[in-house]
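Shown next as structure tokens:
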């Protein structure tokens, strides 16, 4: 009933996701539309916090809060732009015309956003250590990386979902943050509270297990949920 | 579908139950040992909160059915469920702040995890209508709204878990919802009040559905009798039609 | 030869909200034939093409493409049809080669084919420039490459020759013209050019089929009314 | 019990104000909702009356026979009516 050759060629979900991700990274590399803005935004925000709080150094929960909120807002910039090229340059149609699994788009976009966040943090966290953090960053780094990585997964998954919803609205720059921020609030709480003890003056090396568990739970639930509903955001 | 059927009986049952509940609150339930008369707010605040939260989750379930069946009437039901839950939620926040002011002296207390999580849930669902309003294609609007309803319905319990754990000290809850340490008379009062408010939610939901379906039938009739052009195109709206 | 017609529409209806864009459109296109869809802007031509391309779902009526009913079997049809729409569906910041490479990967096609189609439209020399730097005619040539990259058996062509000069038109003829051997549905603002290419003509007026007939039977008066 | 225990129980006359406030808020929300629904009901009623009037007018015109100068007898109207409403 169908040509055999076609069927063999149809790429699987992961190969498709790989193709989309590769295209997204290439687009970012060419345009540099998103990442530099996210990094610059984060660093400017640290400076703003320095003046806003009128403190040379901060530590503990205060430091964790400033870091997490800054990263969340910087992530919002990336989230807003995640699907703009697809929407404005026909990427959605092109993808839908291909004989591929639609979930691959979710996987690819969430991975791209995750990578953007990692790059952001590779610059912003050391900058934070340099500009604002009282205690030295070095010994706290492994625990902080663990908490931030889990937080990034939550930001990436929910961010992708929110971005896919918002990009089809008229006021997408507004709808994205007003839906995204409340949805990300539990993740923000968990990251901030998980990082708080780490950044204290006499901080321990490992984050509180409770918050790591909450973050992991949040990641898993929303990953499954996004996977279940994402197809409905694409069809017409 | 006639949503109006059974509405009168339901409305009367609701009015009766709420009247009984209020009578129990003021003439039957004993004064709370610690809180005194203030505790009477509890009988309205807690049922409102629980009904609102259930309404949000209910909206998510209806949204899921909409996506499964592709039938727009489930989207309308989901919309009305969330719309009603928002109204009940506003009532919850108002009664909650009044209670906070009366018992702690402040209009808002962050130390109460339930009130705080409720605020977050309300902030999230407050974006439901703007989201709908900002999508012009009605089909896409209902599909996206259902996705939103499902995701946010699942968010409700998770959010409560996270906020609850975030409170450094969770004060022992005199007023646990299971009523574990609530005297029997108080528990009965709460139960009746709970049933009354839940009935009110169902009544208003059906009422709104009946109104919507009537209006849509009038439009359909007009189209049938006078032709396609006789119906003015609907204004852009957050409500499904 | 396929016993089924390649494209079959029966009582197709599509709404946008309360507005009806296609009303009871029925037409049947044999395999290898060309259907020209004529009509004014807003008559429903693009909507019809998008439904055939599985990008929009029909609201009533039956649609089948290559024997597969839509939208149920849409997955079986994707990859066997090519859509050339108003938008080129190319990323402006990527080069033509990168864009086509991406589509080749989505369709599971060997990269060599990209070079072949680039050659065929004479775009090989400029295939590494970002699409945004190219003229509209060149972008259209790349869009044609994208459309035929996976050798589709059904071609849905919305104004295929827009922005193309006569030389380019000749160049793309073997790819999207009758010589391609594919079943074609094409729309055009210019009814004469479309009629010359077609085996069957569908005139759309306000979303309903004003006529379905062979091109030599189209009455000039009917055509005039269509575009009046 | 700690927090509730520290919070002094308000005397009845002060507490009454707050309790009354809470219950009034509840009633007010319900009443405002009913009022909004009442205006919507009025609108639906108006639409129904208009529909009735339009249909009757149409009936009368049809009974009088189709007048070619009648502006409402637009071309293409009649075949549109026959079409089932989807």
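Chains as they are written, first to last, in this note's numbering: chain A, 89 to 324; chain B, 410 to 650; chain C, 3 to 230; chain D, 198 to 283. Note that beta-carbon positions come from the ideal geometry of N, C-alpha and C, so glycine has one too.
Any beta carbon from chain B within less than 8 angstroms of residue 19/C's own beta carbon?
yes
On the three-state DSSP scale, how would you describe residue 84/C?
strand
Tell me whether the segment 485-498 of chain B and the segment 449-469 of chain B touch, counting them as touching only if at least three CB pairs, one residue from each stretch, are closer than 8 angstroms.
yes
May I have a chain-ordered list of the beta strand (DSSP E) segments no shorter than 3 residues that lie completely inside the segment 98-177 of chain A?
If we require 3 residues or more, the segment 98-177 of chain A turns out to have no beta strand (DSSP E) run fully inside it.
Ends of the alpha helix (DSSP H) at residue 189/C?
Where residue 189/C is concerned, there is no enclosing alpha helix (DSSP H), although the beta strand (DSSP E) it sits in stretches over 185-189.
Mind pulling the chain C residues with CB within less than 9 angstroms of residue 99/A?
Those are 107, 108, 109 and 110, listed as they occur along chain C.
By Cβ distance below 6 angstroms, which residues in the same chain neighbour residue 618/B in space, the five residues on each side in sequence not counted?
412 and 489
In the DSSP assignment, the alpha helix (DSSP H) including residue 138/C goes from what residue to what residue?
138-150
With 8 angstroms set as the bound, which would you pick, yes or no: does the beta-carbon of residue 478/B sit closer than that to a beta-carbon of chain A?
no
Exposed or buried, what is residue 428/B when buried is set at 16 or more other beta-carbons lying within 10 Å of its beta-carbon?
exposed
Short-range partners of chain C found in the segment 533-560 of chain B, where Cβ spacing is below 7 angstroms
Within the segment 533-560 of chain B, the qualifying residues are 546 and 547.
Alpha carbons only, please: which of 447/B, 469/B, 559/B and 613/B is nearest the one belonging to residue 513/B?
The residue with the shortest Cα to Cα distance from residue 513/B is 447/B.
Are at least three pairs of beta-carbons, each pair with one atom in the segment 235-252 of chain D and one in the segment 466-478 of chain B, less than 8 angstroms apart?
no
Limits of the beta strand (DSSP E) - the one that residue 30/C falls within:
21-31
Endpoints, alpha helix (DSSP H) assigned at residue 213/C:
Not the alpha helix (DSSP H): residue 213/C falls in the beta strand (DSSP E), residues 210-215.
Who are the near neighbours of residue 205/C in its chain, counting only those whose CB is closer than 6 angstroms to its CB and skipping five residues on each side?
40, 212, 213 and 228
Which of the three DSSP states, helix, strand or coil, is assigned to residue 474/B?
helix
Using 10 angstroms around the beta-carbon of residue 214/D, count the other beta-carbons present and answer buried if the total reaches 16, otherwise exposed.
exposed
Examine the Cβ distances between the segment 87-96 of chain C and the segment 113-129 of chain C and report whether three or more of them are shorter than 8 angstroms.
no
So residue 169/A and residue 133/A are in contact, right, with Cβ under 8 angstroms, and what is the actual spacing, rounded?
Actually they do not touch by this definition, with Cβ atoms about 18 angstroms apart.
Residue 12/C lies in the beta strand (DSSP E); which residues open and close that run?
9-18
So residue 117/C is in the beta strand (DSSP E); what residue range does that whole segment cover?
Run containing residue 117/C: none in the beta strand (DSSP E); it sits in the alpha helix (DSSP H), 114-122.
From what residue to what residue does the alpha helix (DSSP H) around residue 274/A run?
260-283
Only counting the same chain, and skipping five residues up and downstream in sequence, which positions put a Cβ closer than 7 angstroms to that of residue 172/A?
255
Under three-state DSSP, which class holds residue 35/C?
coil
If residue 84/C and residue 154/C are in contact, beta carbons under 8 angstroms, what's the gap, nearest whole angstrom?
4 angstroms
Looking at C-alpha atoms only, which residue of 252/A, 149/A, 322/A and 324/A is the closest neighbour of residue 282/A?
149/A
Please name the residue in 241/A, 260/A, 276/A and 155/A whose C-alpha comes closest to that of residue 220/A.
155/A
Can you tell me the Cα-Cα spacing of residue 245/D and residue 649/B, whole angstroms?
Each residue's alpha carbon lies about 20 angstroms from the other.
For residue 82/C versus residue 156/C, is the C-beta distance shorter than 8 angstroms?
Yes.
Buried or exposed for residue 136/A, going by 16 or more other Cβ atoms inside 10 Å?
exposed
Same chain, Cβ closer than 8 angstroms to residue 535/B, five either side skipped, listed in chain order:
495
With a 10 Å radius around its C-beta and 16 neighbouring C-beta atoms as the bar for buried, classify residue 142/A as buried or exposed.
exposed
Which same chain residues end up closer than 7 angstroms to residue 506/B when comparing Cβ atoms and leaving out the 5 residues on each side of it in sequence?
Short of 7 angstroms from the beta carbon of residue 506/B, and not among the five residues preceding or following it, lie these beta carbons of its own chain, in chain order: 516 and 517.
CA-to-CA distance, residue 604/B to residue 456/B, given in whole angstroms:
The C-alpha of residue 456/B lies about 8 angstroms from the C-alpha of residue 604/B.
Do residue 108/A and residue 212/A count as a contact pair if the criterion is CB distance below 8 angstroms?
For the pair residue 212/A and residue 108/A, the CB atoms are not nearer than the 8 angstroms cut-off.
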